[in-house]
Every structure is written in C-alpha cells, then in structure tokens.
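What follows is one structure encoded as structure tokens, with my remarks underneath.
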Amino acid sequence: MQLELSDDIVGIDFGTSTSRLAIMDAEVPTLLETESGQAIPSFVAIDDEKKILVGQVANYHAIGYPADSFFNIKTLLGRKFHDSQIQELKTKVPYKINEGSNGEAWVEACNEQFFPTKLCAFIIDKMKRLAESYLGRSISKAVIAAPIYFNDAQKKELELAGKLAGLDVLGIVDEPVAAALASKNIDGGIFAVFSLGGGTLIISILEISDGVIEVKAKEFDSSLRGEDFDLVLVEYMVEEIRKAYSVDVSGDGVAMGRLKEAAEKAKLELSSSCETLIDLPCLTGFEYGLVHVNIALSVSKFEELVEFLIERIRKLCQKCLEAARVDEQGIDEVIFGDWDGKGLSDTTHC
Numbered sequence: 019m020q021l022e023l024s025d026d027i028v029g030i031d032f033g034t035s036t037s038r039l040a041i042m043d044a045e046v047p048t049l050l051e052t053e054s055g056q057a058i059p060s061f062v063a064i065d066d067e068k069k070i071l072v073g074q075v076a077n078y079h080a081i082g083y084p085a086d087s088f089f090n091i092k093t094l095l096g097r098k099f100h101d102s103q104i105q106e107l108k109t110k111v112p113y114k115i116n117e118g119s120n121g122e123a124w125v126e127a128c129n130e131q132f133f134p135t136k137l138c139a140f141i142i143d144k145m146k147r148l149a150e151s152y153l154g155r156s157i158s159k160a161v162i163a164a165p166i167y168f169n170d171a172q173k174k175e176l177e178l179a180g181k182l183a184g185l186d187v188l189g190i191v192d193e194p195v196a197a198a199l200a201s202k203n204i205d206g207g208i209f210a211v212f213s214l215g216g217g218t219l220i221i222s223i224l225e226i227s228d229g230v231i232e233v234k235a236k237e238f239d240s241s242l243r244g245e246d247f248d249l250v251l252v253e254y255m256v257e258e259i260r261k262a263y264s265v266d267v268s269g270d271g272v273a274m275g276r277l278k279e280a281a282e283k284a285k286l287e288l289s290s291s292c293e294t295l296i297d298l299p300c301l302t303g304f305e306y307g308l309v310h311v312n313i314a315l316s317v318s319k320f321e322e323l324v325e326f327l328i329e330r331i332r333k334l335c336q337k338c339l340e341a342a343r344v345d346e347q348g349i350d351e352v353i354f355g356d357w358d359g360k361g362l363s364d365t366t367h368c
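Using my numbering, you'd call the opening residue of the sequence shown number 19 and step up by one each time.
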C-alpha cells in the first residue's frame, strides 16, 4: 500500500481497562489528551434511554448501574461462549454473558444483546473522533496493538472493530514489539517487556539487533490482571465492614462499585504516599442505620495483602528468563507496557 506523505495514521493501544491513542505531530509521537487524562476507559454502557455511553462517562455509569456497563470487553473478542476464559470472566463481571446463535459470547444490557466486536468499535470510534478533533481533519488509517497471546481469530475481530469504526487497519502489532518501538534511545540489546494491564499479565523478552526485533520468549497468565490488586482491597474492605457492622455488603451492587472505585484510588495514592485514608460516608444502609467506611491503609498492609499475587509474578518472570536462556544480569532494560493504572503501584518510597 502506497501512503501519501499527508496521510495521518493513528496508533491505538486498545487496552482491557483503558485505551490510548497516539499520532505523529510534526514528526513527534504525541499521546492525545482526553477528558480523563491520556487514557480512555475501555468502558461501554447503555443508559435507561438505550443511549450508548463510551469512555469515562460509561465508567461513571458503571458505579450506579453495573449490570448495564461493559468492561473487559477485549477478553471476549474471538472467543466462544464455552471457552474457559469466558466462563471465568462470567464469575467476575456484573453484566450478563450469553451464548450466541453460532456459539459466540455475546453480552446483554437493558434486555438487548451486543456483540463484543461492535462494543470495541464504539471505543475505537471515540479515539478516532478524538484524533480528528485534535488535527482538525478526518482520520482513516490506523495501526492497532494486540496482546502477544492473541490468536488469528482474535486479531481478526480486533481488525474488524477498527473497520466498523471507519478505519483502514494497516496492521496489528504485538504489544511488546510496539512497546519496544515506542521506547527512545534503544539501538540494540536484550529487553524485558512487563505488561500488567487490566486483562492479563504478560512478560516478553526481546532481542533487538540491527533494527530487527526478535521475541526470544513470552509467558502470560490470563488469570492474573491489574484489577486483581483492586479486588484484594475490595475483599479486605468488605471484611472490615463485616467486622464493624456485622453486615455483608458483597451483594449490594452500588456499594461494591463504590468500594472498587475507592480501592483503585487508594492503590494509586500509595504510589506517592506511605498511607492513605479510604473514606466512604453513607456507603449503604442496613436495619440499624448507615454503613460508613473509614479505613487507614498503609503501604506495608497493602503489600501484605497482595503478596500472593507478587509471588505469582516472580515465578512467571523466572519462567520467562529460563525460556529465553538469559539471567537477570543479561537484561539491558525493562520496558513497562500496557501500564494503565490498574496494576502495581510504586511503593519503594516507604
């Protein structure tokens, strides 16, 4: 395909929890700002008037209406309903996942069925419109980054989502390769790409030589995601509430949504502070009054709670090193890819 010099090509990182968009502006890679910062929440929601909500507004909608709000959509792409990953996801999300006529996984909200690929297209369309607003002209071409574990069927659905959003998808690039290409001042060497986003933990070891990128080894754990760190904190808060009020709020969808939002906020605050306060007045009501949450969370307590997750990461890192036949000293640099705020916090300051 011959491209004119005036052609604008956007780069899309379609994440499980958040998505990012970049363009070349005066030959400088530029991440575009959104209403929520640099990343667009990968959320789609349906309101009571059947209006489609996308991004941050859908994320907010999920707090009050979790059953009508979709996230982890990328996990559904190209998978059959009876796939083990889909069956596991059903236990972790508040919305309904149903079997389609051809065995595909569909989702339901407001008594309507939605194909995951179309939901992904809504998010990509929002990113496309963001780029067009920034540049002041239409956009028609894109390159999309995909998880390295995606098979051909999943990549095909991701490409179809881009086309449904009105984009000519020029290529699907493996995420660790995209991360390496995006890193500055990398001429050659052996690099570890660590990706703990909202969907899957992925560790890749790449060797770059003479402009050629070779994937020496890759390991992933599809049952370990950045969101798991949030859920550990949510479970901790539910137990603390049970101790204080003798009430179980785990069946209260709105309360659990607020706890989940508070857990992510607390985790991120621990990146720059040794302690944070989780304060949620009037979380919910019960027969004796209102439930108020006021919990001080320290870095040491957080690390204690998530130690079992950290140990799983250590083991996967070691397995990838062994597969690549390289030791820790042989890694020239670690590149963090798909870092969307859902993973680990930097707590080394405490």
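Beta carbons: idealized from backbone N, C-alpha and C, even for Gly.
Between I166 and D192, the C-beta spacing is below 8 Å. Assigned with DSSP and collapsed to three states, H79 falls in helix. Using a C-beta cut-off of 8 Å, the stretch 87-105 makes contact with the stretch 56-66, since at least three inter-stretch Cβ pairs fall below that distance. The beta carbon of E175 lies closer than 7 Å to those of L95, G96, T135 in the same chain, with the five residues before and after it left out. Remark: C-beta atoms of L327 and L251 do not approach each other more closely than 8 Å. Scanning L199, I349, V28 for the CA closest to the CA of G184 turns up V28.
Burial of A198 is indicated by the presence of at least 16 other C-beta atoms within 10 angstroms of its C-beta. Per DSSP, reduced to three states, the secondary structure at P59 is strand. In the three-state reduction of the DSSP assignment, G180 falls in the helix class. Contact between the stretch 309-320 and the stretch 257-275 is present: 3 or more CB-CB pairs across the two stretches fall below 8 Å. Collapsing the DSSP output to three states places K69 in coil. The continuous alpha helix (DSSP H) containing E322 extends over residues 317-342. Contact between L315 and E293 holds: their C-beta atoms lie close to 7 Å from each other, under 8 Å. When the Cα atoms are used, I41 and L49 turn out to be separated by approximately 7 Å. Only residues of its own chain outside the window of five on either side were considered, and among them V252, M255 have a CB closer than 6 Å to the CB of L277, listed in chain order. Minimum Cα-Cα distance from L148 among the listed residues A57, D205, E232 corresponds to A57. Within the stretch 76-156, the runs of alpha helix (DSSP H) at least 4 residues long that lie entirely inside it are, in chain order, 102-108, 134-153. In terms of CA proximity to S227, D350 leads the group K319, D350, T34. Counting only the Cα atoms, L219 lies some 8 Å from G244.
In this structure I221 touches E237 by the C-beta definition: roughly 5 Å separates them, less than 8 Å. With contacts defined as CB atoms closer than 8 Å, L188 and A160 qualify as a contacting pair. Look at the stretch 179-255 and you find these whole runs of beta strand (DSSP E), each 3 residues long or longer: 186-192, 207-214, 219-227, 230-239.
As the crow flies, the alpha-carbon of F304 is around 9 Å from that of V267. Look at G29 here: in three-state DSSP terms it is strand. D26 is positioned such that its CB atom lies no closer than 8 Å to that of A163. Within the stretch 268-325, the alpha helix (DSSP H) runs of at least 4 residues that lie entirely inside it are, in chain order, 271-287. The three-state reading of DSSP puts I259 in helix, counting H, G and I together. By the CB criterion at 8 Å, K92 and C138 fall inside the cutoff.
For the options L214, M145, S156, Y78, the alpha carbon positioned closest to that of R330 is the one of L214. For V161, the enclosing beta strand (DSSP E) has its first and last residue at 159-164. With respect to the 8 Å criterion, F99 and E130 are not classified as neighbours on the basis of their beta carbons.
Beta-bridge annotation (DSSP): E351 is paired with F209.
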